[in-house]
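This report refers to the structure that appears directly beneath it.
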Amino acid sequence: MKADQSLDCMGLYCPIPIYETGKKIEQLKLGEVLEVVADDKGIKLDMPAWCEATGHEFLGVEEEGNEIKVYVKKAH
Amino acid sequence: MAEKEKLAIVVFSGELDRALAAFILAVTGASMGMEVSMFFTFWGLNIIKKNEGGIRSKGLMRKMLNFMNRGGSKRLKLSKFNMLGLGTWMMKRLMKDINHPSIDELITMAHEMGIKLIACTTSLGVMGLPEDAFRSEVESVAGAAYFLGEARQSKVALFI
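Protein chains in written order, with this note's numbering: chain R, 295 to 370; chain E, 1191 to 1350.
Structure, rendered in structure tokens:
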């Protein structure tokens, strides 16, 4: 999936990827897509929950080896 | 978005592991757009005491209590396997190993995110703790009514 910005959270555990996503999303423009790259499997459920709570759009998960990429579209 | 959802947490325990759980939930809640308040009472006050200096309190029993129960984020112990500090030291190493923030770092993060840290006045009175025994991130002191006031309006209220 194509993204406008990427956030490297490899090696980081809950709650840091979510915390960093919350900060990073502020830097995006409306409609832009943020890619978060992590290896903590928790993010596969945490990110959709974060999107539901914050109102941003969860676009999906892609996995390559131990890299988990989640995509979020800034919605407000 | 509509009005922010609220998260209210009572932090009663003063152990490292429980403090971690409380701050991880608080910081995550704030990241999820929630308005978070943490109400520290009894042993939980140890987490937000200053690390430096002594604690001035009046009366022999309170002086003894505050000597034995000094507190401060750097003095917290695990609730299990402390093993005279060895277990706690190991847990801190393991956290560092996976780049997990320390309690100090979590307190800074919480403060920067606007999480309210409140100290319980009754505990301060019972234990003879002056307000200046606490770190600067602590916003104010309040009683049970304040917490329940927050909890009533909160989607989530936790006791840790």
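A virtual CB, placed ideally from N, CA and C, is assigned to each residue, including glycine.
Residue burial classification, residue i (beta-carbon count within 10 angstroms, cutoff 16)
{"i": "E/N1289", "result": "exposed"}
{"i": "E/P1320", "result": "exposed"}
{"i": "E/L1351", "result": "With chain E running from 1191 to 1350 in the structure shown, residue 1351 of chain E is simply not present."}
{"i": "E/R1352", "result": "The structure shown does not extend to residue 1352 of chain E, since chain E spans only 1191 to 1350, so no value can be given for it."}
{"i": "E/S1330", "result": "exposed"}
{"i": "R/K338", "result": "exposed"}
{"i": "E/M1352", "result": "The displayed coordinates of chain E run from 1191 to 1350. Any statement about residue 1352 of chain E would go beyond what the structure contains."}
{"i": "E/G1234", "result": "buried"}
CB of residue i within 7 Å of CB of residue j, strictly
{"i": "R/Y307", "j": "R/D334", "result": "yes"}
{"i": "R/P309", "j": "E/V1316", "result": "no"}
{"i": "E/L1206", "j": "E/L1268", "result": "yes"}
{"i": "R/P311", "j": "R/A332", "result": "yes"}
Other residues of its chain near residue i: CB distance less than 6 Å, five sequence neighbours each side excluded
{"i": "E/C1310", "result": "T1231"}
{"i": "E/N1236", "result": "G1204 and G1261"}
{"i": "E/K1264", "result": "N1241"}
{"i": "R/D298", "result": "E326 and V327"}
{"i": "R/D302", "result": "V331"}
{"i": "R/T315", "result": "V330"}
{"i": "E/D1294", "result": "S1263"}
Which residues DSSP lists as bridging residue i, in chain order
{"i": "E/F1324", "result": "E/K1239"}
{"i": "R/D302", "result": "R/V331"}
{"i": "R/I312", "result": "BP columns for R/I312 are empty, so no partner."}
{"i": "E/Y1336", "result": "Bridge partners of E/Y1336: none, in fact."}
Own chain partners of residue i with C-beta closer than 7 Å, once the 5 adjacent residues on each side are dropped
{"i": "E/F1337", "result": "A1198, V1200 and F1229"}
{"i": "R/G336", "result": "C308"}
Close Cβ partners of residue i (< 8 Å) along its chain, the five nearest in sequence each way excluded
{"i": "R/G354", "result": "M295, V364 and Y365"}
{"i": "E/S1221", "result": "M1303"}
Query raised in the report: Can at least three beta-carbon pairs, one atom from the segment 318–337 of chain R and one from the segment 363–370 of chain R, be found at a separation below 8 Å?
Result: Flag = yes, the segment 318–337 of chain R and the segment 363–370 of chain R touch.
Query - At least 3 beta-carbon pairs within less than 8 Å: the segment 1271–1285 of chain E vs the segment 1243–1256 of chain E - result: The segment 1271–1285 of chain E is not in contact with the segment 1243–1256 of chain E.
Query raised in the report: When the Cβ atoms of the segment 1299–1308 of chain E are set against those of the segment 1222–1241 of chain E, are three or more pairs found closer than 8 Å?
Result: With the rule of 3 Cβ pairs closer than 8 Å, the segment 1299–1308 of chain E counts as touching the segment 1222–1241 of chain E.
Report task. Take every Cβ of the segment 1205–1217 of chain E, pair it with every Cβ of the segment 1314–1326 of chain E, and state whether three or more of those distances are shorter than 8 Å. Result -> As far as the Cβ criterion goes, the segment 1205–1217 of chain E does not touch the segment 1314–1326 of chain E, which means the pair count is below three.
**Report entry** Three-pair Cβ contact test at 8 Å for the segment 1193–1207 of chain E versus the segment 1334–1350 of chain E
**Finding:** Three or more beta-carbon pairs separated by less than 8 Å link the segment 1193–1207 of chain E to the segment 1334–1350 of chain E, which places the two stretches in contact.
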